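Below is one structure, written out as structure tokens; the observations come after it.
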Amino acid sequence: MSSAQPIAGLSAPGRKKTVFRADIQGLRALAVGVVVIYHFWPKTLPGGFIGVDVFFVISGFLITSHLLSKPPRTMRDIGQFWMRRVKRLLPASFLVILSGLVGVWLLAPETLWQDWGIQALASTFYFQNWFLASSKVDYLAEADAPSPFQHFWSLSTEEQFYLVWPILIGLLVLLAVKWGKKSQPIALAGIAAIFAVSLGYSVYATATDPGTAYFSTFTRGWEFATGALVAAFGVNAHAAKTDRLSSIAAWVGLGAIMASALTFNGEMPFPGAVALLPVLGTALLLLAHATHRSSPQLLLDNKAVRFLGDNSYAIYLWHWPLLILAPYAVEDFGIAAQLATLALTIVLAVLTQILVETKFRKFIDTSRIVSAPRFLLAGSATLALLAGGFYTISGQIVEESKDITASVQRVEKQLGENCTGPNALAESCTSGAGIAQSFRSLAPAPVVAKADKPKIYSDNCFAQQSDDFKNKPVCSYGDGDIKVALIGNSHAGQWFPAIEPIAERNDWSLDTYLISRCAVNGERQQFDSEGRIEGCVDYEAWALEKFEAEEYDLIISSSRQSLPLEGRNIEESAEPSRQAFEETLSSWSKTGAEVAVIEDTAFPGATLKNVPDCAAENTSKLLECSGPEDQWMPVDPLADAVESAGISGVGTVDMNDYLCSEGTCYGVLGGMLAFWDGSHLTNTFASALSPMLERRLESTISEPKLFAAD
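So the sequence shown is residues 52 to 761, counted in this note's numbering.
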């Protein structure tokens, strides 16, 4: 994604020539264009993310062309190569990170400061891709707002390539000299080996661990190597080229890129083998170097395209933080605001290109004080201190708000215990302070609400997607005579803080059978790998075997249908899922247990990204964190199955009247944040619901021995 530069390459064996490739500027313009359109209007260009892959191939081609024309022979040569990359790339990226931090400070809610501060630090030192790979693949983190620095994952991957590639090329050239061979064939063979190994790993990792694979340098290495192969092989291919053949190849390559941008989507496993289409399309365009009038030359080489290509690096840097932060600055981020943000991106990119990428780089070249190594050290240290300051400040805010019990007491003192939290919708409260635009304090405070989860998370009670649900933990709480099982995905787990006190009051021993995301009905659901699909299918049969062996008195379940069945969308999945749940409920009932299904809770994610962020951003207008009941209420095939099956001893409990009233559902009620993201109840709110849930369970379940006598 680096800025425009002439290409040092071999035009014929043994001859060096510097050539300006106008078509590469056109490719850069195309790549940044599809990425920006995808980010601003994803439905318009659903596969626009492949622009990043186009950049990777271009980078592999350019850097390898340079390194083969002047191979590094000493560590000094490699050091000089690295410092050229520092001067070319880091001034602009450091400016954008610094500006992003200022924007976060001025515009973003404090709930985001800690995470975004860490991501700024990761971007400064170019390991953002590994940070995202390790921390953002869990679907429970999906409701977290993307940071203004998230796009640095691709730049981090590229910088890691720049760090390693001159060493590899230098070693290959050294081997050629040692063996008395020409350097080009040895380099070609070495690069081809890297291509094959990385592509093979990419296909494997994308199928088995797609979240990590998307960000991994190792799964993307073959894309850089593809461009490198063109650089190493292009000399030999030149003699075989004709204008007609080059033109055809260029059109095919351009078609492959555009077909990918138009037809790919975020649900596809990527990169893996799917990425071959845009990657090989880019390679074909680079290899063709078509300039004939029948080629795509006019599309790739004109003033408008060259302008975008010249500024592509700065456009890529600026567009994302502006897109993320602008909605915090304007109330209605509609088409007018989006176009204004895009215009601001272009203006800042041009200024950055002129003042930073060109003038500041020349200043570094001529300055006796600010050398490239000194700039690298000083800039990195400054940004690290600022990003670390965000982390420290937000950490202090979190520490001050950590005592949730004290927060609840403050709310109760303000509103009265009878109007706090889920009691807020009582008729005696709704006309008073129970539903309000603001409260003097909230419980939990927004900065700690995202961590206000049931202890089953820290106790590692969930079967996880990361190992294809192979590990199936059963956590046990209490040692009472009445045996109770809680089964389902995270929307069953969210009820644990309400159920555990019920278990203690009624002498229950409570076992949890919890699985991440999977709806436990034995159906093939649309996970992103075959291993996860099969693991989810198997969980239902495994749980039934455990239920039959343990002879539970009561089975409590709840489920969110967050994934469609394979080959269907969510709406199309409702009916077959209901039928599958009927069979599942029948099987559970046949074990001799009573079965209680808690209907799925309202889903703020239908209109809000995240309730704590919303509350932090709207402290004086908390009703902004509410939504229409007809949009917030999710499909619930498990609860529907209870009604349609009509099985004796199987009933439902609906708790949504503690979240919704008169067509509106609330994210903040009676001074309490009801959700820790856009979907799951906070530990605090669920705990407050315990007495109400107990009463409704008791009225639903026909077996009186399950509940202690009053």
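Don't be surprised by glycine CBs; every beta carbon is placed ideally from N, CA and C. The structure presented is a predicted model; accordingly, all values stated were derived computationally and were not measured.
Inset, instruction - Taking only the alpha-carbon atoms, compute the straight-line gap between residue 394 and residue 438 and give it to the nearest angstrom. - result: 28 Å
Legend entry - Under the three-state DSSP convention, the category residue 687 falls into: coil
Inset, instruction - Can you give me the Cβ contacts of residue 690 inside the same chain, cut-off strictly under 6 Å, excluding the 5 residues immediately before and after it? - result: 648, 650 and 703
Legend entry - Burial state of residue 604 (16 or more Cβ within 10 Å): buried
Inset, instruction - Check each candidate in 630, 211 and 202 and name the one with the smallest Cα separation from residue 375. - result: 202
Inset, instruction - Would you decide whether residue 211 is buried or exposed? Buried here means 16 or more other CB atoms lie within 10 Å of its CB. - result: buried
Inset, instruction - Would you kindly check if the distance between the Cβ of residue 547 and the Cβ of residue 590 is under 8 Å? - result: no
Inset, instruction - Taking residue 720 as the reference, give the member of 474, 512, 532 and 592 with the closest Cα. - result: 474
Legend entry - Continuous alpha helix (DSSP H) assignments of at least 4 residues falling wholly in the stretch 135–187: 164–175 and 179–186
Inset, instruction - Would you be able to state if there are at least three C-beta pairs under 8 Å between the stretch 668–680 and the stretch 571–580? - result: no
Inset, instruction - Identify which residue in 726, 734 and 279 has its Cα closest to the Cα of residue 550. - result: 734
Legend entry - C-beta contact flag for residue 417 and residue 108 at 8 Å: no
Legend entry - DSSP state of residue 131 mapped onto helix, strand, coil: helix
Inset, instruction - List the DSSP bridge partners of residue 566. - result: 514
Inset, instruction - Pick out whichever of 557, 545 and 256 has its Cα sitting closest to the Cα of residue 568. - result: 545
Legend entry - Residue of 553, 236 and 745 minimising C-alpha distance to residue 22: Summary: the structure shown does not reach residue 22, with the chain confined to residues 52 through 761, and so no result is reported for it.
Legend entry - Cβ-based neighbour list, residue 745, same chain, cut-off 6 Å, excluding 5 preceding and 5 following: 553
Legend entry - Residues that residue 654 bridges to, as DSSP identifies them: For residue 654, which the question treats as bridged, DSSP gives no partner whatsoever.
Inset, instruction - Check residue 726 in the structure and name its three-state DSSP category. - result: strand
Legend entry - Exposed unless 16 or more other CB atoms sit within 10 angstroms - verdict on residue 111: buried
Inset, instruction - Locate the beta strand (DSSP E) running through residue 608, then write down its first and last residues. - result: 605–609
Inset, instruction - Alpha carbon to alpha carbon, how far is residue 506 from residue 525? Give it in angstroms, no decimals. - result: 14 Å
Legend entry - Collapsed DSSP secondary structure at residue 270 in the structure displayed: helix
Inset, instruction - Can you check the stretch 454–488 for any alpha helix (DSSP H) of at least 4 residues that lies completely inside it and give the ranges in chain order? - result: 455–466 and 478–481
Legend entry - Cutoff 7 Å; reference residue 688; Cβ partners in own chain excluding five residues on either side: 612, 625, 628, 629 and 632
Legend entry - Beta-carbon contacts of residue 319 that lie in its chain and below 6 Å, excluding the five residues immediately before and after: 325
Legend entry - Residue of 471, 510 and 274 minimising C-alpha distance to residue 492: 471
Inset, instruction - Measuring alpha carbon to alpha carbon, tell me which of 700, 389, 576 and 356 ends up nearest residue 616. - result: 576
Inset, instruction - Return the bridge partner residues of residue 704 from the DSSP annotation. - result: 649
Inset, instruction - Quick one: using the 10 Å Cβ neighbour count with 16 as the cut-off for buried, is residue 646 buried or exposed? - result: buried
Legend entry - Under 8 Å between C-beta atoms of residue 99 and residue 89: yes
Inset, instruction - Compute the distance between the beta-carbons of residue 142 and residue 412, then report whether it is under 8 Å. - result: yes
Legend entry - Euclidean distance between Cα positions of residue 752 and residue 699: 10 Å
Legend entry - Those residues which DSSP pairs with residue 534 across a bridge: 560
Legend entry - Option in 465, 531 and 636 with minimal Cα separation from residue 696: 636
Inset, instruction - Compare the C-alpha of residue 301 against each of 75, 614 and 712 and name the closest. - result: 75
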